[in-house]
Amino acid sequence: MEWMLLLQIVIFAVLGGLIYLIIGIIPGTDETSVLVPATVLLFAFNLPPLVVLSFFIGAMVSLNVTDSIPTALTSIPGGVMATPMIESSTFLKERGLVTQTIRRMTSGAIYGTFIGLIVGVLVVGIVKLIEFATGTMIEQAISGYQHWVFLAGAIFLAFMSKKKIISLLAIVPFGLAVYLAKLASSTISATPFFLAITAGPLLFQLVTMLIPKLRSESTVEGDKQIVIEKDQKFGRKEFVDSMKAKSTKVTILSSFISSFLFFLSPVGVTMLVGETATQRIKDEETQALTKVSVMNAVASATYMSGIIVSLFAFGFAISPAAAGPGGAFFNPDNNFLASIKFGPAIAVLIFAMLVALFIAATLAFKYAGRLTYLVFKYIPQEAVISLLIGLAFLLVYLDSGFIGVLIISGVALFAGFLNRLGVGHGILFMSFYTALYMITFGLLPIA
Numbered sequence: 001m002e003w004m005l006l007l008q009i010v011i012f013a014v015l016g017g018l019i020y021l022i023i024g025i026i027p028g029t030d031e032t033s034v035l036v037p038a039t040v041l042l043f044a045f046n047l048p049p050l051v052v053l054s055f056f057i058g059a060m061v062s063l064n065v066t067d068s069i070p071t072a073l074t075s076i077p078g079g080v081m082a083t084p085m086i087e088s089s090t091f092l093k094e095r096g097l098v099t100q101t102i103r104r105m106t107s108g109a110i111y112g113t114f115i116g117l118i119v120g121v122l123v124v125g126i127v128k129l130i131e132f133a134t135g136t137m138i139e140q141a142i143s144g145y146q147h148w149v150f151l152a153g154a155i156f157l158a159f160m161s162k163k164k165i166i167s168l169l170a171i172v173p174f175g176l177a178v179y180l181a182k183l184a185s186s187t188i189s190a191t192p193f194f195l196a197i198t199a200g201p202l203l204f205q206l207v208t209m210l211i212p213k214l215r216s217e218s219t220v221e222g223d224k225q226i227v228i229e230k231d232q233k234f235g236r237k238e239f240v241d242s243m244k245a246k247s248t249k250v251t252i253l254s255s256f257i258s259s260f261l262f263f264l265s266p267v268g269v270t271m272l273v274g275e276t277a278t279q280r281i282k283d284e285e286t287q288a289l290t291k292v293s294v295m296n297a298v299a300s301a302t303y304m305s306g307i308i309v310s311l312f313a314f315g316f317a318i319s320p321a322a323a324g325p326g327g328a329f330f331n332p333d334n335n336f337l338a339s340i341k342f343g344p345a346i347a348v349l350i351f352a353m354l355v356a357l358f359i360a361a362t363l364a365f366k367y368a369g370r371l372t373y374l375v376f377k378y379i380p381q382e383a384v385i386s387l388l389i390g391l392a393f394l395l396v397y398l399d400s401g402f403i404g405v406l407i408i409s410g411v412a413l414f415a416g417f418l419n420r421l422g423v424g425h426g427i428l429f430m431s432f433y434t435a436l437y438m439i440t441f442g443l444l445p446i447a
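If you read the sequence shown in the numbering used here, its first letter stands for residue 1, the second for the next number, and so on.
This is the structure we're talking about:
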């Protein structure tokens, strides 16, 4: 690789780690809605594929580390993946164990990220070994059948979700909405649909505010009082203690097992494994501390292994983490998969992961309270939401013009409506891919 490319990889890994360190602390952000627009924008700028990968991995790892910080400090989740930890975090906060909670969460994220990497590479190796032994490329073997694979994935995710019936019923209508949008304007690429799904819930929430009754129900009077604990001393001894806590063994084992469950919903796996792994612990404080460590580790592990397996083993999004936050990498318009080789790509991925872990974990261990105070005080959630929606509209306009904006806005509102009913991003993305491949293979004609 040229020195300029290497410099870009380093810079964007650091940028991803720093920017999403802050975004992770902002309460109520969704991993998909904050990662996809930025990744799509980088592809739109025609940056080298490895540079985009570097930024994405740095951002994803940093986000997975820091979105649990406000959960521990204020009982407000920084992101969707942190919601399973609210109960335990609230319990520990009431007992004055906030610092210990953050350190367990952070150490869990470190273990989970590394184990997710190891298992992901292991699965890739197994798949490649099978391909070598049989002489059959799995990606080629399923070529022409991707729509059935994604349809099966959507159905499977629907059965794993809390709103099973609604999620199942939403698959066909949303796929039909994608088809009708392509019928209305065949020039719309896949990118605006990614943005429609990710920005849909935000846009739908803004539109509902135009209805007086719904606006009055959402109105909050006055300021919310939040007490943030001051940061405590952290050095080499405290780091070693955090990494060698009593919960370490169960955290590592849970991460290893969950890394193989990359095809399931990360939130569902986090909740399931976290509860199962700690149910026999009788002491309430020990159980809660172990649970936040395990859950943060599982969240990081399933994300990392899902991205690696999807990118390097199958060549399509086989996990919700890949279909959602990593969806732009599988967009045929970006030609990412055909532009990379496994060796350089996995090297960049590991480098970006290490950079992000160093940045996010160091600051989380030492300055979690101070960072949370600054973000809560000076970075309004509304500003971030407005930025994401504005960015989404800009990218859609550049891709498809004003007509495209109108069509994609309709798809986005429908996606937001379904999401409000309980249909997850993963199901919507799988439904989108199903319709896209059916159009590609001529099963749904648009001309």
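We treat Cβ as the ideally placed atom computed from N, Cα and C, and that holds for glycine.
Problem set entry | Buried versus exposed, by CB contacts within 10 Å (16 or more), Ala170 | buried
For this session: Can you tell me the Cβ-Cβ gap for Tyr179 and Ala435, rounded? I've got them flagged as a contact below 8 Å.
Result: 5 Å
For this session: Determine, using beta carbons only, whether Leu395 and Ala44 come nearer to each other than 8 Å.
Result: yes
Problem set entry | Range of the contiguous alpha helix (DSSP H) that encloses Lys128 | 98-134
For this session: Return helix, strand or coil for Gly327, following the three-state DSSP convention.
Result: helix
For this session: Starting from Gly274, follow its DSSP beta bridges and name the residues at the other end.
Result: Answer is none; Gly274 lacks a bridge partner.
Problem set entry | Complete runs of the alpha helix (DSSP H) confined to the segment 151-196 [at least 4 residues] | 164-184
Exercise. Does DSSP classify Gly315 as helix, strand or coil?
Worked result: coil
Exercise. If you follow the alpha helix (DSSP H) that Phe336 is part of, which residue opens it and which one closes it?
Worked result: No alpha helix (DSSP H) holds Phe336; DSSP gives it neither H nor E.
Problem set entry | Beta carbon of Ser409 nearer than 8 Å to that of Ile188 | no
For this session: Look up Gly79 in the DSSP assignment and say whether it is helix, strand or coil.
Result: strand
Exercise. First and last residue of the alpha helix (DSSP H) that includes Val298?
Worked result: 284-309
Exercise. Between the segment 409-425 and the segment 162-176, do at least 3 Cβ pairs fall closer than 8 Å?
Worked result: yes
Exercise. Where does Leu7 fall in DSSP's three states?
Worked result: helix
Exercise. For Met137, which of helix, strand or coil comes out of DSSP?
Worked result: coil
Problem set entry | Counted within 10 angstroms of its Cβ, other Cβ atoms place Met295 as buried (16 or more) or exposed | buried
Problem set entry | Start and end residues, alpha helix (DSSP H) containing Gly343 | 342-378
For this session: Taking only the alpha-carbon atoms, compute the straight-line gap between Pro344 and Asn331 and give it to the nearest angstrom.
Result: 21 Å
For this session: Could you check the C-alpha separation between Phe316 and Leu53 for me, to the nearest Å?
Result: 15 Å
For this session: With a cut-off of 8 Å on the beta carbons, I'd call Leu117 and Met304 a contact; round off their distance for me.
Result: 5 Å
Exercise. Between the Cα of Thr198 and the Cα atoms of Gly426, Gly442, Pro445, which residue gives the shortest distance?
Worked result: Gly426
For this session: Give the DSSP-derived three-state secondary structure of Ala245 in the structure shown.
Result: coil
Exercise. Taking the Cβ atom as the reference point for each residue, do Gln360 and Ile102 lie within a distance shorter than 8 Å?
Worked result: It is Ala, not Gln, that sits at residue 360 in the sequence shown. Cβ atoms of Ala360 and Ile102: not closer than 8 Å.
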